[in-house]
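Peer 1: Mind having a look at this structure? Questions to follow.
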Amino acid sequence: MTKRASPPDQEHVTAHGSADGGAFRHVSSARLPTAWGEFTLHAFENAAGQEHVALTVGNVTHESGSNEQEKVTAPVLSRIHSECLTGDALFSLRCDCGAQLQRAMQQLAEAGRGILFYLRQEGRGIGLVNKVRAYHLQDAGADTVEANQHLGFDADLRSYDAVADICRHFGITQLALMTNNPAKVEALQRLGIQVPVRLPIEIQANTHNRNYLQTKADKMRHLLQTVPKPPR
Ligand SMILES: [Zn+2]
2 MTKRASPPDQ EHVTAHGSAD GGAFRHVSSA RLPTAWGEFT LHAFENAAGQ EHVALTVGNV
62 THESGSNEQE KVTAPVLSRI HSECLTGDAL FSLRCDCGAQ LQRAMQQLAE AGRGILFYLR
122 QEGRGIGLVN KVRAYHLQDA GADTVEANQH LGFDADLRSY DAVADICRHF GITQLALMTN
182 NPAKVEALQR LGIQVPVRLP IEIQANTHNR NYLQTKADKM RHLLQTVPKP PR
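Listed below in structure tokens is the structure:
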């Protein structure tokens, strides 16, 4: 990946060492009004030029302010969402990503305090074009894990290093995380982020994503009440 040119507003850039050893920096922030309420959109970039964003609402820091009474200790309501162009922007029913993203944004707006980490790692880390290749294999009968493996990838290549970097930027130490994926909680704890609360975020299965959700429950340890375990 190529390095990108420095942005013009250098005075707003704060850089520090990242979880993966490279420089990670906050580049800029702006208002983001949405259907569910107003968020602040924060843009970040790592040393390799990879871009991520976070949406915040309310005060998310755990660091003490000038007044000790202002210090907030409750875990920050959060969702870590990995980019899914087909689900997030193209209304695909092959997965549950778009519906999960919308529900998370709605719940964050209603809570009035929280953060959405939006990580640019499409297709569980294999990229958009390879995800279409994987969908082609799934159209011929492979499941989502088998398809990635047919293409020479592990079932899940996602990294959560950027979450640790963004938490460090905001002074966040504890998350109340909306997720069905225990591996995500374990990965964060290895990066030093405490996750004392896990909140399920289940979307009702449809005819197009039922097998996909079943595979996530069977092969990726996702905790899904709405997907029945098959008899074994
Ligand atoms: Zn998706």
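Heads up, the working numbering is the position in the sequence shown plus 1, with the first residue counted as 1.
Where is the CB? At the ideal position from N, CA and C, for every residue including glycine.
Predicted, not measured: the structure shown is a model, and the values here were computed from it.
At which residues does the alpha helix (DSSP H) containing P183 begin and terminate?
Peer 2: P183 to R191
Peer 1: Who are the Cβ neighbours of K217 in its own chain at under 6 Å, not counting the five residues just before and after it?
Peer 2: H223
Peer 1: Classify I173 as helix, strand or coil using the three-state DSSP reduction.
Peer 2: coil
Peer 1: Can you tell me the Cα-Cα spacing of D155 and Q215, whole angstroms?
Peer 2: 18 Å
Peer 1: Looking at C-beta atoms only, is the number of pairs between the stretch 137-156 and the stretch 103-112 that lie closer than 8 Å three or more?
Peer 2: no
Peer 1: Beta-carbon distances below 5 Å to any heavy atom of ligand 1 define the shell here; list its residues in chain order, please.
Peer 2: Residues with a Cβ closer than 5 Å to any heavy atom of ligand 1, in chain order: C85, G88, C96 and C98.
Peer 1: Can you give me the C-alpha to C-alpha distance between E203 and A48, rounded to a whole angstrom?
Peer 2: 35 Å
Peer 1: With a Cβ-Cβ cutoff of 8 Å, do S1 and M221 count as a contact?
Peer 2: Outside the modelled stretch of the chain, which goes from 2 to 233, sits residue 1, for which no answer is possible.
Peer 1: Just mark E64 as buried or exposed, buried being the case when its beta carbon has 16 or more other beta carbons within 10 Å.
Peer 2: Burial call: exposed.
Peer 1: Based on DSSP bridge pairs, tell me the residues matched to V130.
Peer 2: DSSP lists no beta-bridge partner residue for V130.
Peer 1: Taking 8 Å as the threshold (beta carbon to beta carbon), is A112 in contact with chain B?
Peer 2: Judged by its chain identifiers, the structure shown contains no chain B, having just a single protein chain.
Peer 1: Among residues of its own chain, excluding the 5 on either side of G62, which ones have a beta-carbon nearer than 8 Å to its beta-carbon?
Peer 2: For the sequence presented, residue 62 should be read as Thr rather than Gly. Sequence-distant partners of T62 (beyond 5 residues in either direction) whose C-beta falls short of 8 Å from its own C-beta, in its chain, are V73, F171, G172 and I173.
Peer 1: Per DSSP, I204 is paired with what?
Peer 2: By DSSP's assignment, I204 forms no beta bridge with any residue.
Peer 1: So which of G126, Q103, G115 and D140 has the shortest CA-CA distance to A36?
Peer 2: Of G126, Q103, G115 and D140, the residue nearest in Cα terms is Q103.
Peer 1: Suppose you measure from the CA of R134 to the CA of L91; what does that come to, to the nearest Å?
Peer 2: 17 Å
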